[in-house]
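What follows is one structure encoded as structure tokens, with my remarks underneath.
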Amino acid sequence: MGLAQYLQPNRIATAVEAGSKAAALRVLARLLVEGDDTLGEAAVLEVLLAREQLASTGVGSSVAIPHGRVGGLDEIRAAMAIVPGGVDFDAVDGQPVHILVAIIAPKDRPSQHLKVLADVSRLLRRPPVRAGLIQAASPESALELLR
């Protein structure tokens, strides 16, 4: 089970310009609710912001993995935003973040949530994957890279 199974082209944005961590999280919240009238963008954003208040999800090497558990969700969902110019995300290495992968999971599936986070982290540790994503010209090409 890889990241690609949780993504769809309409939940991937390439060439994003985000001037702040909050702006990047708003982009991700919008992508996470794309095509779904049951989840509210504001509720998803609140979950992502609350997690960031605990500690930054900027894991280093240009990557952030904002995440949280959401009530009313019946499956794990992911969204990706590529910020070629980078965004200050208070990452552990102090460097700008270029690849943001947001994961939301149902409240009743904490172990599955943690497994997906570990899988995403493992995948994005690979320099060729990160370089390819930053260069991706379209959501489809980013998704293809992850398959």
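Start counting the sequence shown at 34; every next residue gets the next number (my numbering).
No residue lacks a Cβ here, since even glycine has one placed at the ideal position from N, Cα and C.
I need the boundaries of the alpha helix (DSSP H) containing V80, first residue and last residue. Here residue 80 is taken as the residue at index 47 of the sequence shown, counted from 1. For V80, the uninterrupted alpha helix (DSSP H) segment begins and ends at 74 to 87.
Coarse secondary structure for G104, derived from DSSP in three states: On the sequence shown, residue 104 is found 71 positions in, with the first residue counted as 1. Residue state for G104 is assigned as coil, using DSSP reduced to three classes.
Grab the span of the alpha helix (DSSP H) containing R155 for me, first residue to last. Reading the sequence shown from its first residue, position 122 is the one you call residue 155. Per DSSP, R155 belongs to the alpha helix (DSSP H) from 143 to 157.
Answer yes if the segment 56 to 67 comes into contact with the segment 151 to 162, meaning at least three C-beta pairs across the two stretches below 8 angstroms, and no otherwise. By the Cβ test, the segment 151 to 162 is not in contact with the segment 56 to 67, since fewer than three Cβ pairs between them sit closer than 8 angstroms.
With distance defined between alpha-carbon atoms, name the residue in G101, V130, E108 nearest to L78. In the sequence shown, residue 78 corresponds to position 45, counting from 1. Nearest option by C-alpha distance: G101.
With a 10 Å radius around its C-beta and 16 neighbouring C-beta atoms as the bar for buried, classify K140 as buried or exposed. Looking up residue 140 in the sequence shown gives position 107. That one is exposed.
Do the segment 68 to 85 and the segment 142 to 150 make contact, defined as three or more Cβ pairs closer than 8 angstroms? Result no; under three Cβ-Cβ pairs closer than 8 angstroms.
D107 to S89 span [Cα, whole Å]: The residue you call residue 107 lines up with position 74 of the sequence shown. The residue you call residue 89 lines up with position 56 of the sequence shown. About 26 angstroms.
Rounded to whole angstroms, what is the Cα-Cα separation between T71 and P129? Position 38 of the sequence shown, counted from the start, is the residue given in the question as residue 71. Position 96 of the sequence shown, counted from the start, is the residue given in the question as residue 129. Their backbone Cα atoms lie some 33 angstroms apart in a straight line.
Please state if the CB of A175 and the CB of I115 are separated by a distance shorter than 8 angstroms. Counting from one through the sequence shown, the residue named residue 115 turns up at place 82. Counting from one through the sequence shown, the residue named residue 175 turns up at place 142. In this structure, the beta-carbon distance from I115 to A175 falls below 8 angstroms.
8 angstroms Cβ shell around V162 - same chain, five flanking residues per side excluded: Along the sequence shown, read from residue 1 onward, the residue named residue 162 stands at position 129. These residues qualify, in order along the chain: L156, L178, L179.
Using only alpha-carbon positions, find the residue among S171, I109, N43, L36 that is nearest to P117. Walking along the sequence shown from the start, residue 117 turns up at place 84. For P117, the nearest C-alpha among the options comes from S171.
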